[in-house]
Amino acid sequence: MSKYYFNEIEAKWQKYWDSHQTFAATNNSEKPKYYVLDMFPYPSGAGLHVGHPLGYIASDIYARYKRHKGFNVLHPQGYDSFGLPAEQYAIQTGQHPADTTRVNIEGGVDKQGNTIAGYRKQLDKIGFSFDWSREVRTSNPAYYKWTQWIFIQLFESWFNNETLKAEDIKTLVTIFENYGNTTVQAVCDETVKVFTAEMWQAFSETKKQEILLKYRLTYLAETEVNWCPALGTVLANDEIVNGVSERGGHTVVRKKMTQWSMRISAYAERLLQGLEGIDWSESIKETQRNWIGKSVGATVSFEVKDHGVKIPVFTTRPDTIFGVSFMTLAPEHELVDQLTTADQKAEVEAYREATSKRSERERMADVKTITGVFTGAYAEHPFSKEPIPIWIGDYVLAGYGTGAVMAVPCGDQRDWDFATKFKIPIPNVFEGVDISEAAHTDKEGTVIANSDFLNGLKYKKALKLAIYELEKLGAGKGKTNYRLRDAVFSRQRYWGEPFPVYYVDGMPQMIAKEHLPIRLPEVEKYLPTEEGEPPLGRADVWAWDSNANAVVSNDLIDNKTVFPLELNTMPGWAGSSWYFFRYMDSKNEDVFASKEALDYWKNVDLYIGGSEHGTGHLLYSRFWVKFLHDRGFVTVDEPFQKMINQGMILGTSAFVNRIEGTNTFVSATKITDQSIQPLHADVSLVNTSDELDVEAFRNWREEFKNAEFITEEDGTFKVSREVEKMSKSKYNVVNPDEICEQYGADTLRMYEMFLGPLEQAKPWNTAGLTGVHSFLKKLWKLYHGGENESFNVSEENGSKDALKTLHKTIKKVQEDIENFSFNTSVSTFMIAVNELTAQKCNSRNILEPLAVLISPYAPHIAEELWSKLGKTESIATVAFPVFEPKHLVESSKNYPISFNGKMKFTMELPLDLSKDDIEAAVMAHEKTQQILDGRTPKKVIVVPGKIVNIVG
RNA sequence: GCUGAAGUGGUGGAAUUGGUAGACACGCUGGACUUAAAAUCCAGUGGGCAGUAAUGUCCGUACGGGUUCAAGUCCCGUCUUCAGUACCA
1 MSKYYFNEIE
11 AKWQKYWDSH
21 QTFAATNNSE
31 KPKYYVLDMF
41 PYPSGAGLHV
51 GHPLGYIASD
61 IYARYKRHKG
71 FNVLHPQGYD
81 SFGLPAEQYA
91 IQTGQHPADT
101 TRVNIEGGVD
111 KQGNTIAGYR
121 KQLDKIGFSF
131 DWSREVRTSN
141 PAYYKWTQWI
151 FIQLFESWFN
161 NETLKAEDIK
171 TLVTIFENYG
181 NTTVQAVCDE
191 TVKVFTAEMW
201 QAFSETKKQE
211 ILLKYRLTYL
221 AETEVNWCPA
231 LGTVLANDEI
241 VNGVSERGGH
251 TVVRKKMTQW
261 SMRISAYAER
271 LLQGLEGIDW
281 SESIKETQRN
291 WIGKSVGATV
301 SFEVKDHGVK
311 IPVFTTRPDT
321 IFGVSFMTLA
331 PEHELVDQLT
341 TADQKAEVEA
351 YREATSKRSE
361 RERMADVKTI
371 TGVFTGAYAE
381 HPFSKEPIPI
391 WIGDYVLAGY
401 GTGAVMAVPC
411 GDQRDWDFAT
421 KFKIPIPNVF
431 EGVDISEAAH
441 TDKEGTVIAN
451 SDFLNGLKYK
461 KALKLAIYEL
471 EKLGAGKGKT
481 NYRLRDAVFS
491 RQRYWGEPFP
501 VYYVDGMPQM
511 IAKEHLPIRL
521 PEVEKYLPTE
531 EGEPPLGRAD
541 VWAWDSNANA
551 VVSNDLIDNK
561 TVFPLELNTM
571 PGWAGSSWYF
581 FRYMDSKNED
591 VFASKEALDY
601 WKNVDLYIGG
611 SEHGTGHLLY
621 SRFWVKFLHD
631 RGFVTVDEPF
641 QKMINQGMIL
651 GTSAFVNRIE
661 GTNTFVSATK
671 ITDQSIQPLH
681 ADVSLVNTSD
691 ELDVEAFRNW
701 REEFKNAEFI
711 TEEDGTFKVS
721 REVEKMSKSK
731 YNVVNPDEIC
741 EQYGADTLRM
751 YEMFLGPLEQ
761 AKPWNTAGLT
771 GVHSFLKKLW
781 KLYHGGENES
791 FNVSEENGSK
801 DALKTLHKTI
811 KKVQEDIENF
821 SFNTSVSTFM
831 IAVNELTAQK
841 CNSRNILEPL
851 AVLISPYAPH
861 IAEELWSKLG
871 KTESIATVAF
881 PVFEPKHLVE
891 SSKNYPISFN
901 GKMKFTMELP
911 LDLSKDDIEA
921 AVMAHEKTQQ
931 ILDGRTPKKV
941 IVVPGKIVNI
951 VG
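In full-length UniProt numbering, the protein residues as written are 1 to 952.
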């Protein structure tokens, strides 16, 4: 037994880790804690490709490193197992999503006869140090019991704007009983009317509940939602990209529906502020800042002449209030009908009709066309009392601010364009600025003019004074506006968490905690009902018996003791917004995680995942954590202290080039001027030299059976290559299982890291694997220099050179891991092994620490070598080697000698030489004299220990 | 348009504070071993020019300037690519 039999070694240690529970974390330990988390996967039927484990490998290296550094490491894994693909598959095949999900995770054969490896087996093959004893699946009732519980907590809470915290709804009821809602600073719907304590006490129970619903952090309300007819469900803002659904690219329309919403907007400011204290990439923070979209300014109310109504607007530039020459309302604005004069009615109606037909997408794509119509009505300027014409225009969005703007054409380009198009005057309120060609949007350094009491003031002072005067007049006040909208929380789907909600007289009632979970009912079909109700409308046993506290048959509904249950389910992000807490205590049946576990593990120290969740998962998780914090359930205020976003691994697609209109294929280098059509060929049919296995290709598809091939001279057929996203449809998917089979998991792990910087997108190229693989073989050989390549380690201490190699490797690898620069450590290991091989080093005092150094990257081979070194315990928690600088101390330096900044030759000189001595030695060198060729240098720069530069 | 990241050999990439550009690999070329292939090992490999060769020499980090004894690295401007975002008042 001498060769590097990676298959045997890897299977052996994976079994060992599993049976010894090597990576199980304990919830109490003398060691400091460290929590390393991956974004958990959605277990799709397609399985893993080599792009998926990239982040997991990086986090695994870090987790293993931290164990070597003496930390109690929590490194769990689980599945985000509710979601659309399983449901779509269920609709197509009739299989229960729970069954297909289980097969996708655990492996097996599905009802279609497809063999599925299963995520768990695929992950296990790569040798991750996950603590699987804490696994969670969001679709397990034991898990979603707590998702339902958190929903109830949100329902039972309101947001106090004075303390900027969520509080128990009971405290709000007490306030209402004593003071009504006249004094309380609470986040609520704008439709809430003022009431006194007496009025509150006189309200019916239903009325009270109706009012409270407008204050709760999750609430049921008729809102305008994004309805996707193709998916048959509503979507949240972050699930829509460019006006179409993120999944499938289907059209999305606006529709009024009664839906559950999350009052995330209450947390806008705290979500913004919280970004300051966390270590995330600037780009992701910026994405969140943009999404929250804070803008500071003022609301100004414009009185409409002869109507007795006011139009509130939001503006960031109250300093330009004297530049207002018109107002624009969104076409959907609720006052439009009321304000439009008889003369303008026809035109306004036609315009509204036309804009409502334009899809969201058209409106966005077509920014340049300026459209609008005059309503015939006039508002009054709050200061000058001048009449201001009121227009409608679709550049004003109903969903932002108040859906109306005060137009200042001299200071806003869109207003300027609108005014120019419709020949509306453009009064100039800036001193010495030309606005004949474009609006003047700069704030700094601009002085206000033609503006009564604001004349001569700069932006900041004018802003403050304008707000002050508006407030004095009662026509406006300072206001901060956020773009962030409340998140719709209902989905008309089957495969999601059911709400723990039933309805009494149309009012939602929460089911008590003791009766959770409310399990998904069985249905025949996973489609909406004929009446357009969500799939749960098909369930026969979906009613709540409030006496028996049980889900019972719909036949029993009497609306006295048995009531209908909610038919919607929760969105995909519900379960993923808190899963990181469940790992801390995943089996607890009494609480979502015990106080002890929460206090010990606190939050995630390192989170690794893709950046595509910037406005979804990462924002919702922060919101839920802040909420749980406010209500005293957790001590932390942010879920993820540090985050790294791994880049995508791209596929290298292979194309066979077919001559247009024929069944003849041309090898890539033989293409001349034929018009050719490149077709994707499966990358598994192509070897690393870009040669196609022609026979396999013929058999791949019926249509290629009789294809002709114009080959190279040597009879091979070359494909052309292109880098694209890795995807099944492009036939460029590389399966990690095959790599593990052929080269081993350690090779896969190191190669994925070797590809390039973790955060960068980079193409996969299977050919490069052999470099890393032969490195591992060389590493193996270093320990097997005995007869017949037997294991042979000497007890004699390593040479000075070997110690130097070892310690510079320790230093570099430690720095690299801490900087998440894993690609450079792989080359450092290669250099170390090359050097030690050249030195013929086989000393225990070098090879032992070397095995520990490499174990985070290539844990299987490290364990095997460690046991061969005579150790009986796993290498996993052995202390990381300590860097000793003394081994790197040099007595001399090979100085680069440059002339005018260009290196010409090098010269070995002792490091303790003085500047003058170095200069003298260099000048005395024959090459120096040769290069100078008799000239006298103007200057000689000597940087001891670095460089010598001769100028002249 | 705005925001963020990035442009280095045939390819992936290295150069952490300005100090020997191209580490480490892949690929390619030549050689050793072999009946042969695979595997393994050795040597070479940024480009141009000169030379049998050792070597010499010039050019080179997207482009154009600048600072400096010295710039892939710092400053100013331009271009390109990728990602996110978009009529946000």
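We put the beta carbon where it would ideally sit given N, CA and C, even for glycine.
Being a predicted model, the structure only gives us computed values, none of them experimental.
Member of the options whose CA lies at the smallest distance from the CA of residue i
{"i": "residue 81", "options": "75, 57, 106, 512", "result": "106"}
{"i": "residue 211", "options": "374, 186, 229", "result": "186"}
{"i": "residue 603", "options": "626, 589, 609, 613", "result": "626"}
{"i": "residue 7", "options": "457, 742, 775", "result": "742"}
{"i": "residue 869", "options": "268, 794, 41", "result": "794"}
{"i": "residue 474", "options": "109, 896, 312, 738", "result": "312"}
{"i": "residue 711", "options": "688, 740, 666, 16", "result": "666"}
{"i": "residue 559", "options": "609, 529, 502, 608", "result": "502"}
{"i": "residue 462", "options": "476, 443, 480", "result": "443"}
Supposed contact pair residue j and residue i - C-beta distance, whole angstroms, cut 8 Å
{"i": "residue 956", "j": "residue 579", "result": "The chain is shown from 1 up to 952; residue 956 falls before or after that span and cannot be answered."}
{"i": "residue 86", "j": "residue 75", "result": "In fact, because the Cβ distance is near 26 Å, the residues do not count as touching under 8 Å."}
{"i": "residue 860", "j": "residue 127", "result": "6 Å"}
{"i": "residue 751", "j": "residue 719", "result": "Their Cβ separation, rounded to whole angstroms, is 22 Å, which puts residue 751 and residue 719 out of contact at 8 Å."}
{"i": "residue 685", "j": "residue 697", "result": "5 Å"}
Residues that DSSP places opposite residue i in a beta bridge
{"i": "residue 544", "result": "551, 563"}
{"i": "residue 892", "result": "910"}
{"i": "residue 491", "result": "569"}
{"i": "residue 677", "result": "658"}
{"i": "residue 650", "result": "725, 763"}
{"i": "residue 216", "result": "158"}
{"i": "residue 485", "result": "Answer is none; residue 485 lacks a bridge partner."}
{"i": "residue 46", "result": "In the DSSP output, where bridge partners are listed per residue, residue 46 has none listed."}
Residue interval of the alpha helix (DSSP H) (run including residue i)
{"i": "residue 778", "result": "769-782"}
{"i": "residue 178", "result": "169-179"}
{"i": "residue 835", "result": "822-838"}
{"i": "residue 621", "result": "617-630"}
{"i": "residue 750", "result": "745-754"}
{"i": "residue 957", "result": "Residue coverage of the chain in this structure runs from 1 to 952, which leaves residue 957 outside it and unanswerable."}
{"i": "residue 607", "result": "Element bounds for residue 607: not the alpha helix (DSSP H) but the beta strand (DSSP E), 604-609."}
Residue interval of the beta strand (DSSP E) (run including residue i)
{"i": "residue 392", "result": "387-392"}
{"i": "residue 502", "result": "501-504"}
{"i": "residue 34", "result": "33-38"}
{"i": "residue 278", "result": "Careful: residue 278 lies outside any beta strand (DSSP E) and carries neither H nor E."}
{"i": "residue 257", "result": "253-262"}
{"i": "residue 845", "result": "No beta strand (DSSP E) holds residue 845; the alpha helix (DSSP H) holding it covers 844-854."}
DSSP-derived helix/strand/coil call for residue i
{"i": "residue 20", "result": "helix"}
{"i": "residue 952", "result": "coil"}
{"i": "residue 941", "result": "strand"}
{"i": "residue 692", "result": "strand"}
{"i": "residue 199", "result": "helix"}
{"i": "residue 1", "result": "At residue 1 the pLDDT is 43, less than 50, meaning the model places this residue with poor confidence; the figure from the coordinates comes in the next sentence. Reduced to three states, the DSSP call for residue 1 is coil."}
{"i": "residue 315", "result": "strand"}
{"i": "residue 664", "result": "strand"}
{"i": "residue 98", "result": "helix"}
{"i": "residue 55", "result": "helix"}
{"i": "residue 299", "result": "strand"}
{"i": "residue 376", "result": "strand"}
{"i": "residue 918", "result": "helix"}
{"i": "residue 701", "result": "coil"}
{"i": "residue 614", "result": "coil"}
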